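Residue numbers for the sequence shown follow full-length UniProt numbering, beginning at 1 and rising by one. Encoded as structure tokens, the structure appears first; notes follow it.
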Amino acid sequence: MSLGLIHKRQAGLTLIELMISLALGLIVVAAAIMLFLTGQKSYSLQQGSADLQDNANFGLSYVTKDIRLANLNALSAEINDRTKAGGLVLTSKDNGYKDTAVTPNKIYSNLPDSVTGKTAAVATLSASESHSSNVKLAGTDLKSDQLVIQYKPQYTTDPDTAANWFGGFDCEGDRISFAKSAPQRIIVQRYFLREDDNKNANEPNQALALACDAGWYNESGNPAKVEDYGGEGEIIMKRVDYFRVLLGIQKANDHRYIAVKDYMNLSGVKPRILSIQLGVLVRSSQSVGNDALVKNDQKFQVLDNEVTVKIPANASTKYVRQVVSQTIALRNTFGERGR
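Below you can see the structure in the form of structure tokens.
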């Protein structure tokens, strides 16, 4: 009896088939990783853009609303560097126009002559190139501007205390409320850039923010200073690299926008101010990684200045930036009131 041999065929992959399978697998994994990284980059860019839009649009809208209050309830509709208790705060006793033709000499300024000291210093008035920035102009470091307005609120009886006047809230969010037996108050608000104490360790440049500092002085009597004024104020917009202010002036049929320093350098009686242009260069709070679309040498047109951002030491981390501008008509300067 013969026994038949049973043959079993071995099944498997050849070396070439194995290499092809591995290669295909690596391609699929690489494509998946690429999709993941692209998605992450796109998400970071969208998050940065959304953060920038929210910060810029809401912040600038808040500032615009407040600035429209300038010259509210003032005696004169025409404002310049000599308008008392209204309009923009360009001058104080320290830098106001001095009329030497009369004795004693008379000083024309936006703040009362009795206000002296720190709150009358030029550093607390509207000015060009007076605060920090993160930009350069033609290769030279450029500072940010400062804008100061003043107005008299529309006072009503305080709903919480009938013996008090109530004038709403200032730009720092503080209630304007005081006894009716006291003189009514003129509110002063200062907009400027300062460094944010609440910052990340890997900020690309100075963590600058647009802040507002509010104070007040009595409408009557001889106030010695602007109360509660000259501090760090409250932050309105985070991560602002540059803040620019232009004044819209009218003289005869000539209407144009000029910087605060150029306005103050005009000779004779300064022309009437009818509007303000604000320009801010804002950046996202969150990094968008090393996206090639974001260039460190990109130029930004902020009103009349074409600026570039100071290149940070850690140039590998990039941020989205955008210029936001607004033209604000000073409604309380129209007409011929006070003439």
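Yeah, the Cβ is synthetic: ideal placement off N, Cα and C, and Gly gets one too. Fair warning: this is a prediction, and the values are worked out from it, not measured in the lab.
According to DSSP, residues forming a beta bridge with residue i
i                 : result
phenylalanine 166 : Thr156 and Ser177
glycine 279       : Arg244 and Ser325
leucine 274       : Answer is none; leucine 274 lacks a bridge partner.
serine 132        : Note: serine 132 sits in no beta bridge, so no partner.
valine 148        : Arg190
cysteine 212      : Tyr191 and Glu234
aspartate 99      : Lys106
alanine 259       : Leu246
aspartate 113     : Per DSSP, none; premise fails for aspartate 113.
arginine 185      : Asn218
leucine 142       : Val135
glutamate 172     : Its beta-bridge partners do not exist; DSSP assigns none.
Under 8 Å between C-beta atoms of residue i and residue j
i              : j                 : result
glutamine 146  : tyrosine 191      : yes
alanine 211    : isoleucine 176    : no
glycine 231    : aspartate 213     : yes
alanine 77     : threonine 327     : no
serine 144     : phenylalanine 243 : yes
asparagine 110 : glycine 139       : no
glycine 215    : valine 245        : no
alanine 74     : aspartate 94      : no
valine 294     : valine 115        : no
methionine 264 : aspartate 81      : yes
leucine 278    : valine 260        : no
serine 275     : leucine 193       : no
alanine 85     : glutamate 203     : no
valine 320     : leucine 281       : no
tyrosine 229   : arginine 185      : no
valine 324     : leucine 60        : yes
asparagine 296 : valine 309        : yes
Beta carbon proximity, residue i to chain B, threshold 8 Å
i              : result
isoleucine 328 : Structure shown: chain B not included; a single protein chain is present.
Nearest neighbour of residue i, chosen from the options [CA to CA]
i              : options                           : result
asparagine 200 : Ser114, Ala162 and Ser284         : Ser284
proline 159    : Ser126, Gln206, Val302 and Ala179 : Ala179
leucine 52     : Arg239, Ala30 and Val28           : Arg239
aspartate 304  : Ile258, Ile107 and Val135         : Ile258
leucine 69     : Lys318, Val288, Pro153 and Ala23  : Pro153
valine 89      : Gly117, Ser126 and Asn105         : Ser126
asparagine 222 : Asn71, Lys65 and Asp113           : Asp113
residue 342    : Asp197, Ala207 and Pro183         : Because the chain here runs from 1 to 339, residue 342 falls outside it and cannot be looked at.
histidine 131  : Ala209, Gly25, Lys310 and Pro312  : Ala209
glutamine 298  : Gln322, Asp262 and Ser287         : Gln322
cysteine 171   : Gly233, Ile249 and Thr83          : Gly233
glycine 335    : Ile79, Lys318 and Gly96           : Ile79
valine 135     : Asp241, Val63 and Lys98           : Asp241
alanine 286    : Thr317, Asp262 and Pro312         : Just to set this straight, residue 286 is glutamine in the shown sequence, not alanine. Among Thr317, Asp262 and Pro312, the Cα nearest to that of glutamine 286 is on Thr317.
serine 267     : Asn71, Ala252 and Tyr97           : Tyr97
serine 92      : Tyr62, Ala224 and Ile33           : Ala224
asparagine 57  : Met237, Asp262 and Ala252         : Met237
Which of helix, strand or coil DSSP assigns to residue i
i                 : result
phenylalanine 192 : strand
phenylalanine 300 : strand
aspartate 254     : strand
isoleucine 107    : strand
threonine 333     : helix
lysine 310        : coil
isoleucine 249    : strand
lysine 199        : coil
leucine 24        : helix
glutamate 78      : coil
residue 382       : Here the chain has residues from 1 to 339 only, and residue 382 is not among them.
leucine 88        : strand
Any non-hydrogen atom of the ligand MN within 7 Å of residue i CB
i          : result
leucine 69 : The ligand content of the structure shown is nil, which means the ligand MN is not present either.
Count the C-beta pairs between the stretch 262–273 and the stretch 151–167 that are closer than 8 Å, then say yes if the count reaches three, no if not.
-> These segments do not touch.
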